[in-house]
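First comes the structure, then the notes that go with it.
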Amino acid sequence: WHLYFMDVFDKGGFDIVIGNPPYVGQKGHKEMFQDIKKSDLGIKYHQRRMDLFYFFFHQGILLLKPKGILSYITTNYYLTATYADKLRKHIYDETTILSLVNFNELKIFESAQGQHNLITILKKGKYSETIAKTAITQKNGLANEKIIAEIINEEDDETEYNRQNQNSLFEKGTLYIRIEA
């Protein structure tokens, strides 16, 4: 990273990181995770029964410059998963949540396994006065571009929208991330 993007890191990192990381669980992919466990990122953040996309979050946060924005679409499991506590702590310690859009049972990718998708938008740095926009939809089936736009633009009748302060997002102790309905 630092070699190929030397000019970016000379300025403190990326302004924005956007992605749809792969949803690959550790079960059945032991060899892949063994290699990652040996890396600097793995030594610091690996946990048993985790998902590959957790590393993408960690790396994305590390690649951002202060006040940089990270936007990922992943599964929503990390919000309360037992083995996502290092990820939630990293998010809690080094970022501010700007937006969480939880698609629940609504499929946004026709062929992807492990749906329950969530759009997460974070800002690097702690800005406790920032209010996060949150949304949880009750829609089912397969989404199309129009449905997704309505949900994101807060125009869907089957989606609950809220504003939450940073402290209300994180449950004490576990740091479970709770989207208020």
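Residue 93 in this note's numbering sits at position 92 of the sequence shown; the count goes up by one each step and never skips. Backbone N, C-alpha and C define an ideal beta-carbon position, used for all residues, glycine too.
Spatially closest choice to residue i from the options, by CA coordinates
i	options	result
I122	Y5, L71, I132, K45	L71
K125	Y177, Q60, E111	Q60
D41	L63, L101, I120	L63
F57	E32, I92, H30	I92
G142	G174, N103, M51, E111	E111
R164	K31, E172, I98, K140	I98
Q139	K68, N103, R89, F54	N103
G20	K173, N166, Y55, Y128	Y55
Proximity test, Cβ basis, 8 Å: residue i and chain C
i	result
T131	This model lacks chain C altogether, as it is built from one protein chain only.
Per-residue DSSP class, three states only, for residue i
i	result
K90	helix
K12	coil
F171	strand
Y24	coil
D52	strand
L176	coil
L42	helix
Beta-carbon proximity check, residue i vs residue j, cutoff 8 Å
i	j	result
I137	A182	yes
Q35	K87	no
L119	T81	no
A85	M33	no
D101	I180	Residue identity check: residue 101 is Leu in the sequence provided, not Asp. In this structure, I180 lies closer than 8 Å to L101 by Cβ.
V65	G14	Sequence inspection shows Leu at residue 65; the Val mentioned does not correspond to that position. Against a cut-off of 8 Å, the Cβ pair of G14 and L65 comes out as a contact.
Opposing strand residues paired with residue i [DSSP bridges]
i	result
Y162	A136
K108	L143
T76	N118
L71	V18, L123
Say whether the segment 138-152 touches the segment 98-108, bearing in mind that this needs 3 or more beta-carbon pairs closer than 8 Å, one atom from each stretch. yes
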